Every structure is written in C-alpha cells, then in structure tokens.
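A.B. asks:
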Ligand SMILES: [Zn+2]
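In my numbering, the protein residues as written are 8 to 452.
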C-alpha cells in the first residue's frame with residue numbers, strides 16, 4: 008500500500024513535490040519552487056506532512072520547479088537524506104548558489120521567510136548522496152518496516168535528468184519527472200525501465216499542445232539575418248540554453264543557418280561547463296562535442312543594447328518566460344522597438360508571464376508586459392517555435408503503452424493537458440485507472 012500526497016505540482020507546473028508513504032518510510036519525489044510565485048506561496052505545502060515520517064527526498068532533475076525548495080525542506084527536516092544523480096548534484100551546486108543572491112534581492116531583509124546563506128547551500132550540496140543511472144539503491148526510513156529499492160533512469164530532458172523507479176517488493180512505481188522520448192541536439196532520449204510498472208506518475212506538460220504546431224526555424228532565422236536583423240531567443244539557462252546553442256552552432260556549421268555573432272552569458276554559460284565535463288559519463292549523442300568551443304560573446308559585457316543591432320546577431324538570454332527584471336525581459340523591451348529584428352520563442356510559456364504575452368502577440372499589436380510597465384506597440388517580428396525538452400502528447404500515451412501500469416496519476420500539467428492525456432489513456436487502455444493529482448488530496452494506492 009502506498010500513500011500518495013501531492014504537496015505541489017498538481018493541476019499545474021509549479022512547486023512539484025509528491026509524498027509517498029510506504030510502510031513507515033516517507034519519501035518525497037522532487038522539491039520544487041513555483042517560478043511565478045514568491046514567498047511562502049512558491050513553496051510546496053510542507054504542512055501536509057508535518058506529522059508523517061519524512062526520511063528521503065529523491066530529485067528527478069535540477070530545474071527550479073523540481074529542486075529549489077530543498078533549502079526550506081532541510082530547515083524543517085534537517086535529517087532528511089537527499090539523493091540525486093551526480094550531474095543533478097553538480098548543476099544544483101551552481102543554481103542553488105545563484106538563487107541565494109536572487110532571493111536576497113527579491114525578499115529583502117524583512118522577509119518572513121528565513122533567507123539561506125551560501126554556507127548553508129555548501130552544506131546541503133555536501134550532504135547530497137548521488138547515484139548513477141540504473142544503479143539500484145536501498146531506502147529504509149527510521150520507522151520503516153521494510154527495505155525499498157530505488158533507481159534513476161535517464162529521462163532525456165536535461166543533463167542528469169532521471170525518471171525514478173521505486174520498488175516496494177510488492178509494487179513498482181515509476182515517476183517520469185520531466186521526460187523526453189526522442190533525442191535532442193545534445194541529450195539522448197529517455198531510457199524507460201524494462202520492468203512492469205504498477206503505478207505511473209506521469210508528467211503532462213505538452214498534453215494540450217498540438218504536435219503539428221512544432222516547426223523548423225532555420226529558414227525564418229535566415230530571412231531576419233539577411234535583412235540585417237538580430238534574433239533574441241529567450242531560454243531557460245538549464246537545458247534549453249545548451250540545446251539551442253548546440254543547434255544554432257550545428258546549423259551554422261552545416262551552412263543551413265547564416266553565420267552571425269552568438270551572444271550568451273550568465274549562469275547558462277556556467278552550466279555549459281557541467282555539460283562539457285560530464286559528456287563522457289551520461290547519454291550524450293556526440294561525446295566529442297564541447298559547448299565551450301563554440302565561439303560566443305558575453306552578452307553581459309554589452310552595456311549599450313544598440314550594439315546588438317549594429318550587425319546581425321543571435322542572442323540567447325534567460326529567463327525562458329522573460330520574467331520581469333531578467334536579461335531576456337530587459338532585452339525584449341529593446342527588441343520590440345526594432346522592426347528588422349525578431350524574438351523567437353522556443354519553449355513552454357506559463358499564462359500571464361511576459362513571455363506568454365509576447366509569444367501570443369504579432370507585429371502591430373499593443374501589449375503591456377507587466378502591471379507597472381506602459382503598453383507598447385510590437386514592431387519586431389515574433390515567431391514561436393518549439394524545441395521541446397518534454398514528451399509530445401502522443402509520446403505520453405506511448406509511455407503508458409510501454410510501461411502498461413494498472414494505475415496512472417497525472418501530474419505537472421495544466422488542467423487542459425491533464426484532460427487530454429487522461430481522456431486518451433481511458434479511451435485506449437480500458438483497464439487502466441487514471442487519477443489527476445489534486446494538491447493536498449491524499450490517495451491510497
Ligand atoms: Zn524540467
């Protein structure tokens with residue numbers, strides 16, 4: 008019997024965190040922070056498990072919405088054991104330190120949330136136990152009645168990303184984390200476990216996205232460049248930054264894309280080093296490919312943004328959803344005014360973010376990026392492409408088909424996505440029970 012409680016990431020992509028109670032042992036899967044919320048609202052609801060055993064937290068990958076609440080979890084449960092892949096641990100060391108300074112700025116000194124320090128992050132990182140893909144390890148909580156086996160399986164999403172298999176002896180549960188069934192430019196496709204699964208926790212990010220909307224973009228890029236324009240591509244600094252950089256470079260090498268200056272920088276460039284360093288250890292498509300060898304200019308060296316428009320350039324800047332006061336947000340304000348240039352969006356946009364507003368606007372529209380900013384006319388081109396690092400919706404059904412679970416719990420998606428995936432599973436596999444996770448609602452499985 009497994010007790011399942013979503014603390015976040017139910018009916019939305021947010022502070023993903025799921026509790027499993029298995030015969031006295033308490034295991035959390037992921038411990039994310041909601042990217043669009045702030046303060047306590049951005050954390051998983053840890054109060055839901057205050058009277059339950061909490062022994063382990065297993066992290067699927069180092070994206071903020073899966074890992075960034077760890078410091079707060081450790082404040083409440085100092086003896087919890089954290090387990091990740093070695094690559095997730097290496098990336099977390101960079102990104103969690105980076106978040107220390109961001110929180111200082113956002114929350115200030117008068118915050119009701121205790122700020123954490125670089126020293127605390129160092130201790131947290133040191134305490135992380137790491138396990139390679141497919142290595143089986145044992146879990147048994149303080150009050151645990153039996154040994155539970157667990158293992159990580161390459162998820163094809165970003166460096167170090169893993170699906171998590173939990174084997175209680177009687178039942179096998181598989182949590183996909185964020186998963187991609189086909190290869191990207193750098194990271195090879197997911198490797199699903201070969202055993203029969205009883206319970207599947209399935210992400211549904213692209214459940215409501217029509218796969219036919221996914222297009223190739225080098226032709227569009229060449230048109231902008233040949234007209235003397237520059238292209239801004241807002242990217243998540245972890246994963247998308249590395250994949251798009253490799254894609255742009257590969258297309259330039261092949262002659263498919265006109266060679267221009269490429270601007271990158273910030274934490275994304277630091278994460279490139281972790282990708283390069285780990286290229287022999289994980290499922291990379293081309294182990295000789297080194298991101299550092301791609302000729303790049305540092306966008307943070309440019310103080311006068313007009314520099315970007317003097318000659319055609321391609322600029323990769325975070326954040327992916329152009330959240331306020333990030334590099335991509337500040338750059339977008341200049342791009343919107345430039346008729347020869349273009350903003351290419353390449354990823355998922357949460358509703359109401361500046362990125363969502365830009366992605367859904369076209370030349371001539373009037374938009375207002377945030378509550379405090381003035382409305383402005385879109386003068387540049389806006390094109391939306393997808394370089395998904397998540398499974399297409401047909402692939403989500405394929406995962407169900409391959410693993411053939413008795414029960415599926417749908418997580419990590421908006422209500423429309425969950426509906427599409429749920430309906431299709433019920434239609435195609437009549438014997439499978441489908442649940443959609445509801446925040447705080449306990450399921451006994
Ligand atoms: Zn992710």
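Ideal Cβ placement from N, Cα and C applies to all residues, glycine included.
As the structure is a computational prediction, the values presented were derived from the model and not from experiment.
Return helix, strand or coil for residue 220, following the three-state DSSP convention.
C.D. replies: In this predicted model, residue 220 has a pLDDT of only 47, less than 50, meaning its place in the structure is not dependable; the value taken from the coordinates is given anyway. The three-state reading of DSSP puts residue 220 in helix, counting H, G and I together.
A.B. asks: May I ask you to list the residues that DSSP assigns as paired with residue 82?
C.D. replies: For residue 82, which the question treats as bridged, DSSP gives no partner whatsoever.
A.B. asks: Look at residue 18 and residue 361 and say whether their C-beta atoms are less than 8 Å apart.
C.D. replies: No; because the gap between Cβ atoms is not below 8 Å, this pair is not in contact.
A.B. asks: Could you give the DSSP three-state label for residue 99: helix, strand or coil?
C.D. replies: helix
A.B. asks: Buried or exposed: residue 250, going by 16 or more other Cβ atoms within 10 Å of its Cβ?
C.D. replies: Residue 250 should be labelled buried.
A.B. asks: Would you kindly check if the distance between the Cβ of residue 56 and the Cβ of residue 27 is under 8 Å?
C.D. replies: no
A.B. asks: Alpha carbons only, please: which of 323, 33, 408, 324 is nearest the one belonging to residue 173?
C.D. replies: By alpha-carbon distance to residue 173, the top candidate from 323, 33, 408, 324 is 33.
A.B. asks: How far does the beta strand (DSSP E) with residue 422 in it reach, from first residue to last?
C.D. replies: Unbroken run through residue 422 is the alpha helix (DSSP H), 422 to 435; no beta strand (DSSP E).
A.B. asks: Alpha carbon to alpha carbon, what distance is there between residue 338 and residue 450?
C.D. replies: Each residue's CA atom was taken as its position, placing residue 450 and residue 338 some 45 Å apart.
A.B. asks: Quick one: grab the DSSP three-state call for residue 390.
C.D. replies: The answer is strand: DSSP assigns residue 390 an E or B state.
A.B. asks: Give me, in chain order, the residues of the same chain whose beta-carbon lies closer than 6 Å to that of residue 366; leave out the 5 immediate sequence neighbours on both sides.
C.D. replies: 352, 356, 391
A.B. asks: Give me whichever residues DSSP pairs with residue 174 in a beta bridge.
C.D. replies: 156, 179
A.B. asks: Pull up the distance between the alpha-carbon of residue 324 and that of residue 334, whole angstroms please.
C.D. replies: 6 Å
A.B. asks: Have a look at residue 199 and residue 140 and give me their C-alpha separation to the nearest angstrom.
C.D. replies: 11 Å
A.B. asks: State yes or no: is the C-beta of residue 402 nearer than 7 Å to some heavy atom of ligand 1?
C.D. replies: Residue 402 Cβ: outside cutoff for every heavy atom of ligand 1.
A.B. asks: In terms of DSSP beta bridges, what is residue 442 paired with?
C.D. replies: Bridge partners of residue 442: 416.
A.B. asks: In terms of residues, what are the limits of the beta strand (DSSP E) holding residue 25?
C.D. replies: 24 to 29
A.B. asks: Kindly give me the distance between the Cβ atoms of residue 42 and residue 72, rounded to whole angstroms, as I take these residues to be in contact under 8 Å.
C.D. replies: 6 Å
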